[in-house]
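J.: One structure is given below, represented as structure tokens, and several questions about it will come after.
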Amino acid sequence: MPSCRLLAVGLDNTQETRRAFREVLFTAPDIGKYLGGVICFEETLVQTAKDGTKFTELLRMQGVLPGVKVDRGLRPLPGSDGETYTEGLDGLPERCAKYYTEGARFAKWRAVLKIDPAKNLPSRAAIVENAIGLAQYAAIAQANGLVPIVEPEILIDGAHGIEVSAEVAERVLGEVYMALRMKNVKLEASLLKPQMIMPGASCSSRASSEEIAATTLTVLRRCVPPAVPGIMFLSGGQSEEEATVNLNTINMLADSGLRRWRAPWTLSFSYGRALQSSVLDIWRGDEDNAVPAGEMGAALARANSLAQLGKYDFKHPSQLKHGLHETFRGWRGGDDPTNQK
């Protein structure tokens, strides 16, 4: 978890603070009814609850598969205008083998691209470099028994409209799936974690949930092969409620019976901020708040579990109504803040 999220509620980013917050999340009531997997940091695979139970075992007992983030964060792409590539291929086969023995059954690798029409970004070089990195990672993960989640995140920073986001997403996804085929990645044993197609965060023209759903499905139908079993959206700066509502609208449209919107994949969620922010706001490091914080975690997970079926139709449990956009999602120099524990 990036340290700024803990600092925002007055907590230091220590190993024990991270462990305690994970225990709140992993022991939320009935969490196994709403989640199929949890992406862990490397340290989480060996951490335990207060009673000594390993977190991986705690998750498995609830029917939740542990996964692991395997990339080593962002680095500046030489010769580019502030673009990045993702580090972590060195030693990845050995690490994936170790993660499997520690209980992980899937992996995640995050690549990042940014949109700036005035600078013609993302550049062709950045798109290709990140697509190749994702494909190399995916092939290594599969060779070591892990299902790869492929995450080409396109940042929502900027004032561009939804049509620009759609055009960039088509170029990025097209290159990613070309690279995956070149590396002989088995698409049937992989998942995609993309951004919903939305205007830039500073765009003066906001998009409705229906427009986001229609544009997202159009892009995905053009670019993602039907062999891919599932698309797990990232929340990408939306508020907790927006992330749920937009996921619900996407699934309602996909299940509307109209041929132009049919989706051959499961359309679900892989949220971080949109599942944790209200929980962290309630908990704030106080053990006395662990139960209500866990109940909030379960309520958020339930809402999104129903949304991935197109059946969310009640008041949202979130106590935070603002967006969760973070400006540090790309590289700003120094260590990548999203790669912190």
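Residue numbers (the working numbering): 366 to 706.
Quick reminder that beta carbons are idealized off the backbone N, C-alpha and C, glycines included.
No experiment lies behind these values; they were computed from the predicted model shown.
For LEU511 and PHE471, which I take to be in contact (beta-carbon distance under 8 angstroms), what is that distance rounded to the nearest angstrom?
T.: Rounded, the Cβ-Cβ distance is 6 angstroms, consistent with contact.
J.: Below 8 angstroms on the Cβ atoms is my contact criterion, and I expect LEU454 with GLU448 to pass it. Report the Cβ-Cβ distance as a whole number of Å.
T.: Their Cβ separation, rounded to whole angstroms, is 18 angstroms, which puts LEU454 and GLU448 out of contact at 8 angstroms.
J.: Do ILE527 and ALA579 come within 7 angstroms of each other at the CB atom, strictly closer than that value?
T.: No; because the gap between Cβ atoms is not below 7 angstroms, this pair is not in contact.
J.: For ARG460, which of ALA483, LEU545, ASP436, GLN412 has the nearest alpha-carbon?
T.: Out of ALA483, LEU545, ASP436, GLN412, ASP436 has the C-alpha closest to the C-alpha of ARG460.
J.: Between LEU665 and SER633, how many whole angstroms is the CB-CB distance? I'm expecting something under 8 angstroms.
T.: Their Cβ separation, rounded to whole angstroms, is 14 angstroms, which puts LEU665 and SER633 out of contact at 8 angstroms.
J.: Quick one, which of GLN380, ALA385, LEU372 has its alpha-carbon nearest ASN654's?
T.: It is ALA385.
J.: Check each candidate in MET661, THR631, SER635 and name the one with the smallest Cα separation from LEU645.
T.: Considering only alpha carbons, the answer is MET661.
J.: How about ILE492 and ALA663: are their beta carbons less than 7 angstroms apart?
T.: No; because the gap between Cβ atoms is not below 7 angstroms, this pair is not in contact.
J.: With LYS558 and MET597 assumed to form a contact (beta carbons below 8 angstroms), what rounded beta-carbon distance in angstroms separates them?
T.: Rounded, the Cβ-Cβ distance is 5 angstroms, consistent with contact.
J.: May I ask you to list the residues that DSSP assigns as paired with ASP329?
T.: An answer regarding residue 329 cannot be provided, because it is not within the stretch 366 to 706 covered by the chain.
J.: Is any heavy atom of the ligand FAD found at a distance shorter than 6 angstroms from the C-beta of ARG638?
T.: Although the ligand FAD was asked about, the structure shown includes no ligands whatsoever.
J.: How about the segment 517-525 and the segment 563-571: do they share at least three Cβ pairs that are nearer than 8 angstroms?
T.: At 8 angstroms Cβ cutoff, the stretches touch.
J.: May I have the straight-line CA-CA distance separating GLY498 from VAL429, to the nearest angstrom?
T.: So the alpha carbons of these two residues sit roughly 28 angstroms apart.
J.: Got a sec? Which residues, its chain only, sit under 6 angstroms from SER600 by beta carbon, not counting five neighbours each side?
T.: These residues qualify, in order along the chain: ALA608, TYR636, ARG638, ALA639.
J.: Taking the alpha-carbon positions, what's the THR581 to GLU535 distance?
T.: Between THR581 and GLU535, the C-alpha separation is close to 10 angstroms.
J.: Looking at the structure shown, is CYS369 part of a helix, part of a strand, or coil, going by DSSP?
T.: The answer is helix: DSSP assigns CYS369 an H, G or I state.
J.: Beta carbon of LYS479, beta carbon of ILE514: below 7 angstroms?
T.: No, they are not a contact pair.
J.: If you count every other CB in all the chains shown that lies within 10 Å of the CB of MET561, and 16 or more means buried, which is it?
T.: Classification of MET561: buried, given that the 10 Å Cβ count is 16 or more.
J.: Could I get the ranges of all uninterrupted alpha helix (DSSP H) runs contained in the segment 395-451, with 4 residues as the minimum, in chain order?
T.: Entirely contained in the segment 395-451, the alpha helix (DSSP H) runs reaching 4 residues are, in chain order, 420-426.
J.: Please give me, in chain order, every unbroken run of the alpha helix (DSSP H) with length at least 4 that falls completely inside the segment 448-473.
T.: Qualifying alpha helix (DSSP H) stretches, in chain order: 457-466.
J.: Secondary structure at THR379, three-state DSSP: helix, strand or coil?
T.: Residue state, collapsed to three classes: coil.
J.: Alpha carbon to alpha carbon, how far is GLY438 from GLU516? Give it in angstroms, no decimals.
T.: Answer to the nearest angstrom: the Cα atoms are 13 angstroms apart.
J.: In three-state terms, what does DSSP make of MET597?
T.: Three-state result, MET597: strand.
J.: Leaving out five residues on either side along the sequence, give the residues of the same chain with a beta carbon under 7 angstroms from the beta carbon of LEU400.
T.: Only VAL429, ALA666 meet the Cβ criterion.
J.: Answer with buried or exposed for VAL374, where buried requires no fewer than 16 other C-beta atoms within 10 angstroms of its C-beta.
T.: VAL374 should be labelled exposed.
J.: My guess is that LEU376 and GLY650 are in contact by the Cβ rule of under 8 angstroms, so how many angstroms apart are they, rounded?
T.: Rounded, the Cβ-Cβ distance is 5 angstroms, consistent with contact.
J.: Of the residues LYS463, MET543, GLY595, which one's Cα is nearest the Cα of GLU553?
T.: That would be GLY595, whose Cα lies nearest to the Cα of GLU553.
J.: To the nearest angstrom, how far is the alpha carbon of LYS676 from that of GLY456?
T.: Roughly 43 angstroms between the two C-alpha positions.
J.: Identify the continuous beta strand (DSSP E) that holds GLU518 and give its terminal residues.
T.: Unbroken beta strand (DSSP E) run through GLU518: 512-519.
J.: On the CB-based measure, 16 or more other CB atoms within 10 Å of its CB, does PRO487 come out buried or exposed?
T.: Counting Cβ neighbours within 10 Å, PRO487 comes out buried, since at least 16 surround it.
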